[in-house]
Structure formats: structure tokens, C-alpha cells
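The sequence shown begins at 34 in the numbering used here and counts up by one. Backbone N, C-alpha and C fix where the C-beta goes; we use that ideal spot for every residue, glycine too. None of these values were measured; they are calculated from a predicted model. Some notes on the structure that comes next.
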Amino acid sequence: LVQLSMPLNFMGMIYREIKQALIDIDDMFRILGQNPEIADRPGAEPLRVAGGTVRFEDVRFAYTPERPILRGVAFEIPAGHTVAVVGPSGAGKSTLSRLLFRFYEPSAGRITIDGQDIAGVTQGSLRAAIGMVPQDTVLFNDTIGYNIRYGRADASEAEVREAARLAQIDGFVSGLPEGYDTPVGERGLKLSGGEKQRVAIARTILKGPPILVLDEATSALDSFTEAQIQGALDRVSRGRTTLVIAHRLSTVVNADAILVLDRGVIAERGTHAELLARGGLYAALWARQREADAARAVLAREADAP
Ligand code: ATP
């Protein structure tokens, strides 16, 4: 039996290692966003970013032909401005960011940056110009310092710390027994959603891209964490062309413009005040969110009560 169980144990160990490696590779592809189906076109030129104006021109898209997700979406984010996209779950908000990264290509229409169709530029130059703070940040099985430095491999120790400070994660990291050398990820310290998002913000601050995509976390964060992340996001988006994919509405109030996406089209657009005054879909989403927030606050109070 011993003779049999030893190799089985060994195989189990190998299996777990391979499975872990596969997860890592999968994560790496998610981080690097390599969709093998989309490659540089022959003669692709590097993207030349002047101010970083982003335009979606009558963009249509479907993951599967029978189910159109975007049915003619047009908007512009002038250089340095912030546009937030809101809308019901499944409306196609995150799809906009996947198209901007060219993980997928529009079936019709085009997306330009400073007038250049992103379909005709090199993937490397496009990805270098855009910083992404995703909903769910994937961490490498390495130290937290490494995970932040991933934004720019040649960043100095001081720059890593400064980025962490701006992202409001420095206090947390410094409080860990091993500080920036603390292993994180599947095999190390597990970070909360809010902490991971701040690592992503620090990475993006180090990268310093002219264009930013913030895909807000879907899950509700506690109000302290939310305020911290909000502060960090405000800082990183200042002076950069920013697309906010807002799954909650807290981030959108100060956006230069808000787009309300509904069933693949932009149903309303305007500032927070304009859209509230209009009394349409945005006003209804806002009212619903406030009710949900109020209900959560009551539940939290009840949970705290002795
Ligand atoms: P939420 O606020 O819930 O995150 P969203 O507006 O960001 O929603 P998207 O993630 O853009 O929505 O998805 C739009 C629709 O496309 C959804 O119905 C989703 O199920 C579908 N979808 C997303 N990714 C894929 C995919 N890889 N293949 C097929 N369908 C997909």
C-alpha cells in the first residue's frame, strides 16, 4: 500500500503544481490581454498619442452573432476628460473597455485614439498607452512589491513606494511583517478586493499612461474602503483621458459626462445634475442605488447592535 500511495501522493503534488501553473498562465493572459485571435495587421504602425482623445464611432459588436451587445454606440472623450458609463447589469459597459483594448474588434464602426483607428496600430503601442484598473485584479504569486512594480519594471524602490502612497496602500503594506517583500497571491497573503484594486491603482500610477480605464468593482465595498479607493482613483485620473465603467454610481458624480447604456445603445447622456433633472433611466438607477445603500446601512447597524 505504501508503495502505491507514495507515487499517488507525488502525482497529486505534481497535479496541483501543474494546475497552479495553468492558473498562472491563464491569469497572465488575462493581465496581458493576449487574445490570440487578434494580431497586428500587416503594416501596423505604432500609435502616436498626442492628447489622448478617444472616439467610438457607431460601434457595433456581438460576442455571438445571434446576440448583439452594442448596437451603434458613439461618443468622444476629449483629451484629459473623464466619461463614465452606467447602465443596467449586462448592458455592455465592460464590453466597451474590452474593445478599447482590442481584446475584441467591433463588427462595424471604429474606435480611434487621436484620430488613429486602433485596429490599424500595433497591439504593443495600444496597450502601452492605456492603463487599466480592472474589476478584479489578478496578483502574481510573488511579493507585493513585485506586483506593484509590474506597472513599470525599471521603477526604483522610492517610485514604488510613492505610487503605493498615492494609491493609499502604502500604510497597509508597511504594516505587514515583511513589508513590500510579503508574498501575495494564491500561495501568499490573500488580499481583499479593495486592497487588490489599490495595488492595481499603484501599478497604473507607475505606468503613467495617457489613457485610463477604470472598471469599478461590482461588489459593494464598505464606505471607508470605497472613499479610499475613490481618492486614489481621482488622483490617478487627473489630467488623463479616463473611461470609467461604473457598476455602482458612486464614481460618476464628478465625471465630465455620463453615458447611460441600455440594451446596446446610449439611452441618455449628460452630467449628473442634467440626468437627475431629466427624470429618466439615470434618475431611476440613482434612486434604486440610494435605496440599496440605505438598506445596507440598516443591515450593518443591525449587525453591529448588541
Ligand atoms: P455588469 O454591470 O453586470 O458587469 P456590463 O454592462 O459590464 O454588466 P458586459 O460585461 O459588457 O456587461 O456584458 C454584456 C453582455 O455580454 C452580457 O449579457 C454578458 O453575458 C455578455 N458577455 C460578456 N462577455 C461575454 C463573452 N466572452 N462571450 C459571450 N457573451 C459575453
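Ranked by Cα distance from E219, the options L239, R88 and N174 are led by N174. Ranked by Cα distance from G221, the first of I181, E259, L245 and L172 is L172. Judged by DSSP secondary structure, G227 falls within the alpha helix (DSSP H) whose first and last residues are G226 to K240. In terms of CA proximity to S140, R104 leads the group G123, Q168 and R104.
Contact check for E109 against T128 fails: the beta carbons are separated by 8 Å or more. Looking at the backbone, the Cα of A196 and that of R236 are separated by about 7 Å.
With contact defined as three or more Cβ pairs closer than 8 Å, the segment 119-133 and the segment 269-283 are in contact. T145 is the residue among N287, I177, Y137 and T145 whose C-alpha sits nearest the C-alpha of A162. Taking C-alpha positions only, L308 is separated from L276 by approximately 18 Å. No residue range can be given for I71, since it is assigned to no beta strand (DSSP E) and is classified by DSSP as neither H nor E.
Straight-line measurement puts the Cα of A152 at about 14 Å from the Cα of R93. A check of alpha carbon separations from A316 across V331, A330 and V286 identifies V286 as the nearest. If you check the CB distance, T155 and D248 do not come in under 8 Å. Residue range T115 to V119 is occupied by the beta strand (DSSP E) that includes V119.
Here DSSP, grouped into helix, strand and coil, assigns R302 to strand. Counting along the chain, R88 sits inside the beta strand (DSSP E) bounded by residues V87 to T97. Annotation for T258: the continuous alpha helix (DSSP H) segment containing it runs S256 to S270.
Placement of the Cβ of T284 at a distance of 7 Å or more from every heavy atom of the ligand ATP is found. The Cβ atoms of M165 and V82 lie no closer than 8 Å to each other.
For a cut-off of 8 Å, the C-beta gap from I234 to L266 is around 7 Å, short enough to register as a contact.
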